[in-house]
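Comments concern the structure below.
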Amino acid sequence: MSRKIIPVADWRTMLRDRATPDLSGAPVPANGSLTDARARPLRDLRISVTDRCNFRCVYCMPKEIFGKDHPFLPHSHLLTFEEIERLARVFVAHGVEKIRLTGGEPLLRKNIEYLIERLATLRTPHGKPLDLTLTTNGSLLTRKARSLRDAGLTRLTVSLDALDDTLFRSINDVDFPVTDVLAGVDAAREAGFESIKVNMVVKRGTNDHEIVPMARHFRGSGVVLRFIEYMDVGSSNGWRMDDVVPSAEVVSRIAALYPVEPVAPGYRGETAERWRYLDGQGEVGLISSVTHAFCGDCTRARLSTEGKMYLCLFASQGYDLRALVRNPDLDDAALSSAVAQIWHARDDHYSESRAAHNEAGQIRQDDARRVEMSYIGG
Ligand code: SAM
Ligand code: SF4
Ligand code: SF4
Numbered sequence: 372m373s374r375k376i377i378p379v380a381d382w383r384t385m386l387r388d389r390a391t392p393d394l395s396g397a398p399v400p401a402n403g404s405l406t407d408a409r410a411r412p413l414r415d416l417r418i419s420v421t422d423r424c425n426f427r428c429v430y431c432m433p434k435e436i437f438g439k440d441h442p443f444l445p446h447s448h449l450l451t452f453e454e455i456e457r458l459a460r461v462f463v464a465h466g467v468e469k470i471r472l473t474g475g476e477p478l479l480r481k482n483i484e485y486l487i488e489r490l491a492t493l494r495t496p497h498g499k500p501l502d503l504t505l506t507t508n509g510s511l512l513t514r515k516a517r518s519l520r521d522a523g524l525t526r527l528t529v530s531l532d533a534l535d536d537t538l539f540r541s542i543n544d545v546d547f548p549v550t551d552v553l554a555g556v557d558a559a560r561e562a563g564f565e566s567i568k569v570n571m572v573v574k575r576g577t578n579d580h581e582i583v584p585m586a587r588h589f590r591g592s593g594v595v596l597r598f599i600e601y602m603d604v605g606s607s608n609g610w611r612m613d614d615v616v617p618s619a620e621v622v623s624r625i626a627a628l629y630p631v632e633p634v635a636p637g638y639r640g641e642t643a644e645r646w647r648y649l650d651g652q653g654e655v656g657l658i659s660s661v662t663h664a665f666c667g668d669c670t671r672a673r674l675s676t677e678g679k680m681y682l683c684l685f686a687s688q689g690y691d692l693r694a695l696v697r698n699p700d701l702d703d704a705a706l707s708s709a710v711a712q713i714w715h716a717r718d719d720h721y722s723e724s725r726a727a728h729n730e731a732g733q734i735r736q737d738d739a740r741r742v743e744m745s746y747i748g749g
């Protein structure tokens, strides 16, 4: 059966899950140089491979909302590995150089190693392998670090919000011990990962007293610890500005004990500010998603578990790429054209406008409709 390319105007009805951008322009060729309405290139893609998780972190999947009766997606709604690979190829042709697998908990997705093997074979238009990484809560790493590394994963981010066991168990809310996550980090080191990062979300009054113990623990270990400002993602975590510990405060608390100096950013769109210990014991990263909006350099698209493309972490709706992938009449050129036109019309800059609204003392009207972090991935 020969496949046909449907006209550009038809995207409007097929992608109707959000306000439709003007898709009337000519298709943009896939030559790695796609830019959005604010001249931002498409460089990163986060792919959520499951909406399920074995943790119930109180700020991400609180039990009251994600309880036993929560309707997680049925398997048939998930993008298959073949569909993910096909879409990833399209994104890479348009300039994506970095792919991060996330979730939910990505290591819960059966045979995730197979997907990693496939993605590791992709090459950018310049013939370079992708920067392929995965964010995990670390709970399954002692079992899986070796097979992930063997599948071709070279970089890993482990989320860990506290070293204190009682506190950690109360944050993950499933009584998971901190020693098992630390053993997972060790297993990743033994498996030979080139880069291991640990991400700590800091919430005032909950775990900010763990900033210095965490810094002390990971100093000199080769693992880069990154502090993330607690964000107003989703609408289930009851976020308040008072909960945020600004990155500047995190740096000064660390510097009081261990002097640090700033490191110049490595590339455009690097989300973390880097600080180096003056005594040569490595560096820490600060992700200031709230106090320092980096929308101007945001080169990231997100693909949800069921194949919706989101242009911003704070978007309330996505574009249904699964409908396109599962349409037997559409070939890769058609997919490519759709992705190009969606990105081309992108104007999202939530954090910048949040900052402006905060200054003006206003509350954004669309706050209650945002997508949850566990669905779209961090
Ligand atoms: N389950 C995996 C994990 O925890 O690493 C991957 C998915 S999780 C949604 C990705 C990251 O988002 C985690 O590091 C988590 O701490 C972070 N996160 C979740 N809710 C957040 C929030 N409100 N503010 C900042 N980071 C958040
Ligand atoms: Fe699960 Fe990660 Fe969310 Fe915690 S932060 S509930 S581990 S998805
Ligand atoms: Fe990117 Fe949206 Fe975050 Fe701005 S608010 S940096 S556009 S994800």
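Per the working numbering, the sequence shown starts with residue 372, numbered consecutively.
For each residue, glycine too, the CB sits at the ideal point set by N, CA and C.
Whole runs of the beta strand (DSSP E) within the region 569–605, excluding any shorter than 3 residues
Runs found: 595–600.
Coil, strand or helix - T662 by DSSP:
In the structure shown, T662 sits in coil (DSSP, three-state: anything other than H, G, I, E or B).
Determine contact between the region 623–631 and the region 532–547, defined as no fewer than three beta-carbon pairs at a distance below 8 angstroms.
By the Cβ rule, the region 623–631 does not count as touching the region 532–547, because fewer than three pairs are nearer than 8 angstroms.
Sequence-distant residues of its chain with Cβ nearer than 6 angstroms to R575 (five each side left out):
Once the five neighbours on either side are set aside, the close Cβ partners of R575 are D614, V616.
When DSSP labels each residue in this structure, what does D407 get in the three-state scheme?
Coil.
Quick one: what does DSSP say V616 is sitting in, helix, strand or coil?
V616: coil per DSSP, three-state reduction.
What residues are listed by DSSP as bridge partners for A672?
According to the DSSP secondary-structure assignment, A672 is paired through a beta bridge with L416.
Considering only the beta carbon of each residue, do K672 and L505 sit closer than 8 angstroms?
One point to set straight first is that residue 672 is Ala, not Lys, in the sequence displayed. Going by C-beta atoms, A672 is not nearer than 8 angstroms to L505.
Span of the alpha helix (DSSP H) around I487
From DSSP, the alpha helix (DSSP H) with I487 extends over 483–490.
Quickly, what does DSSP pair G656 with across the bridge? List them, please.
Its beta-bridge partners are R597, R645.
How many whole angstroms separate the CB atoms of A491 and L478, which I take to be in contact at a CB cut-off of 8 angstroms?
Taking a contact as a CB-CB distance under 8 angstroms, the pair A491 and L478 does not count as one, their CB atoms being some 17 angstroms apart.
Short check: CB of A558 to CB of A522, under 8 angstroms?
Taking a C-beta distance under 8 angstroms as the contact criterion, A558 and A522 do not qualify as a contact pair.
What does a CB cutoff of less than 6 angstroms around I567 pick up in its chain, not counting 5 residues either side in sequence?
The residues are L527, A559, V594.
Own chain residues within Cβ distance below 7 angstroms of H588, not counting five before or after:
Residues of the same chain with a CB within less than 7 angstroms of the CB of H588, apart from the 5 flanking positions on each side, are L534 in chain order.
My output table needs one value for L394: the three-state DSSP class, helix, strand or coil.
Any reading at L394 must be qualified, since the residue scores a pLDDT of 46, below 50, and its modelled position is unreliable; no value is offered.
Which residue wins for smallest C-alpha separation from F462, given the options F685, V552, S708?
That would be S708, whose Cα lies nearest to the Cα of F462.
Going by the CB atoms, is the gap between D544 and V429 shorter than 8 angstroms?
For V429 and D544, yes; Cβs fall inside 8 angstroms.
Given F547 as reference, the closest of R697, N508, K679 once Cα atoms are compared:
Checked all of R697, N508, K679; the closest Cα to F547 is N508.
According to DSSP, D502 sits in a beta bridge with which residue or residues?
Residue pairing by DSSP places D502 opposite K469 in a beta bridge.
How would the residue list near ligand 3 read, in chain order, if you kept each one whose beta-carbon is closer than 7 angstroms to any heavy atom?
The chain-ordered list of residues whose CB is nearer than 7 angstroms to some heavy atom of ligand 3 reads S660, A664, F665, C666, C669, R671, C683, L684, F685, D719, H720, Y721, S722, E723.
Considering V461, what are the terminal residues of the beta strand (DSSP E) in which it resides?
Counting along the chain, V461 falls outside any beta strand (DSSP E), though it belongs to the alpha helix (DSSP H) covering 452–464.
May I ask you to check if the CB of R597 is nearer than 7 angstroms to at least one heavy atom of ligand 4?
Although ligand 4 was asked about, the structure shown includes only ligand 1, ligand 2 and ligand 3 as ligands.
Determine the DSSP secondary structure at P633, reduced to helix, strand or coil.
When DSSP states are grouped into helix, strand and coil, P633 belongs to the strand group.
Presumed contact (8 angstroms Cβ cut-off) between R717 and L682, rounded CB distance
Sure, about 5 angstroms apart at Cβ, within 8 angstroms.
Give the C-beta separation of V573 and D579 to the nearest angstrom, bearing in mind that I take them to be a contact with Cβ-Cβ under 8 angstroms.
Rounded, the Cβ-Cβ distance is 6 angstroms, consistent with contact.
To the nearest angstrom, report how far apart V634 and L649 are at their CA atoms.
V634 and L649 have their alpha carbons spaced roughly 11 angstroms apart.
L486: which of E600, I470, F452, L519 sits nearest, CA to CA?
Nearest of E600, I470, F452, L519 to L486, Cα basis: F452.
Using a threshold of 7 angstroms, is the CB atom of S530 nearer than that to any non-hydrogen atom of ligand 1?
Yes, the beta carbon of S530 sits closer than 7 angstroms to at least one heavy atom of ligand 1.
Entirely enclosed alpha helix (DSSP H) segments - the region 504–558, minimum 4 residues:
With a minimum length of 4 residues, the unbroken runs of alpha helix (DSSP H) contained wholly in the region 504–558 fall at 512–522, 536–543.
Label P392 either buried or exposed according to how many other C-beta atoms from any shown protein chain fall within 10 Å of its C-beta, with 16 as the threshold for buried.
Note that P392 has pLDDT 41, beneath the 50 cutoff, so the model's placement of it is unreliable and no number is given.
Ligand 2 and N508: does any heavy atom of the ligand fall closer than 7 angstroms to the residue's C-beta?
N508 Cβ: within cutoff of ligand 2.
Determine the direct distance from the alpha carbon of A554 to that of P433, and round the result to whole angstroms.
The straight-line gap from Cα to Cα measures roughly 26 angstroms.
Who are the Cβ neighbours of L501 in its own chain at under 8 angstroms, not counting the five residues just before and after it?
Cβ neighbours of L501 beyond the five flanking positions: V463, V467, E468, K469, I470, L490, A491, L493, R494, T495.
Expected contact under 8 angstroms - CB spacing of C563 and R520 to nearest Å:
Here residue 563 is Gly; the residue named in the question, Cys, does not match the sequence. Contact between G563 and R520 holds: CB atoms are separated by about 6 angstroms, below the 8 angstroms threshold.
Compute every distance between the C-beta of S447 and the non-hydrogen atoms of ligand 2, then say whether any falls below 7 angstroms.
S447: no, Cβ never under 7 angstroms from ligand 2.
Leaving out five residues before and five after R457 in sequence, what residues of the same chain have Cβ atoms less than 8 angstroms from its Cβ?
Same-chain partners within the cutoff: V696, D703, L706.
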